[in-house]
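Participant: Counting the sequence shown from 1 gives a position; our numbering is that position plus 54.
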Amino acid sequence: MYNPPMPDPQFARIETIYRALTLPAQTADPPTLIAISGLPGTGKSFLARHLAARVPCVIVESDFVRKTLIPQPTYTSAESDLIHQVAHAVIARLLHAHSRVISDATNLAEWHRERLHQLARQADAKFLIVHTTAPDDIVQARLRQRFAARDPRDLSDADWNVHLLLKREMEPIRAPHFVVDTRGEIDAALAEILAALNEPRV
Ligand SMILES: Nc1ncnc2c1ncn2[C@@H]1O[C@H](COP(=O)(O)OP(=O)(O)OP(=O)(O)O)[C@@H](O)[C@H]1O
Ligand SMILES: [Mg+2]
55 MYNPPMPDPQ FARIETIYRA LTLPAQTADP PTLIAISGLP GTGKSFLARH LAARVPCVIV
115 ESDFVRKTLI PQPTYTSAES DLIHQVAHAV IARLLHAHSR VISDATNLAE WHRERLHQLA
175 RQADAKFLIV HTTAPDDIVQ ARLRQRFAAR DPRDLSDADW NVHLLLKREM EPIRAPHFVV
235 DTRGEIDAAL AEILAALNEP RV
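(1) Taking all protein chains shown into account, decide if E253 is buried (16 or more other Cβ within 10 angstroms of its Cβ) or exposed.
(2) Flag this pair as yes or no: are the beta carbons of H217 and G95 separated by less than 8 Å?
(3) For V184 and A242, what's the separation of their Cα atoms in angstroms?
(4) Measuring CB atoms only, is the stretch 200-209 touching the stretch 75-86, in the sense that at least three cross pairs come out at less than 8 Å?
(5) DSSP state of R120, grouped into three classes?
(6) Tell me, which residues are paired with F232 by DSSP?
(7) Using the C-alpha atoms, what's the distance from R196 back to L170?
(8) Quick one, which of S157, Y72, R175, V140 has its alpha-carbon nearest P84's?
(9) Check each candidate in R147, A212, T86 and name the one with the smallest Cα separation from Q194.
(10) Is I90 helix, strand or coil when you go by DSSP?
(11) Let me confirm a value: G92 is counted as buried when at least 16 other C-beta atoms fall within 10 Å, else exposed. Which label applies?
(12) Excluding the 5 residues flanking E225 on each side, which residues of the same chain have their C-beta closer than 6 Å to its C-beta?
(13) Under 6 Å Cβ to Cβ from A146, same chain only, skipping five residues before and after it: list those, please.
(14) State the Cα-Cα distance for the pair A141 and D191, rounded to the nearest angstrom.
(15) For F201 and S210, I'd like the C-alpha separation in whole angstroms.
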């Protein structure tokens, strides 16, 4: 009896996200993965958008993946596992297609960042980690504002309580990384990241 190969159980979801993304016209040489890591409200999505405005990038935002696949998310660990699995598969596909990709997710656990590094290595891509930070009072004000006046581009449901909960799960970043304090202008930090993107690989 013929047994067809098992389909990837997430194939349809991966396809949905891949098709929903806006891909830049040019490919990147080398392909690059910029992993942003930081607590809610520290400015990951803000930084990702500003970076993508300066250099063609595809942003794979975990909140976009979540809301596209699950219109009414429940934030269970099973749901988060699914979102990461799909996001990582999309990132791998983009890197193999020679894209410059930004992973816009909290990426707080060391194994998440290691997984992203592994995806980059497998695609022979350059890899950078950028850690976003901001003082507590500023983050708290931003997260209050998030719910007072909703920015249509903002897909996150995280509030200050979520920020505090996740703070306990945050693991120090062992690999070399950039730290961007987003309390003010981020132009200097963007320039530093852009310079690193242009550096030859060692
Ligand atoms: N450098 C900055 N200057 C001005 N406003 C900023 C800056 N960084 C972030 N913000 C604002 O703070 C709010 C939270 O930022 P953002 O949505 O980027 O956080 P985030 O880290 O992506 O959070 P989440 O993990 O919940 O998605 C947004 O309204 C954003 O516009
Ligand atoms: Mg965000």
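C-beta atoms are modelled at their ideal positions from N, C-alpha and C, and glycine is treated no differently.
Every value quoted in this text rests on a predicted model; they were computed, and no experiment measured them.
Facilitator: Judging by the given coordinates:
(1) exposed
(2) yes
(3) 14 Å
(4) no
(5) helix
(6) V184
(7) 28 Å
(8) R175
(9) A212
(10) strand
(11) buried
(12) A163, E164
(13) L173
(14) 31 Å
(15) 10 Å
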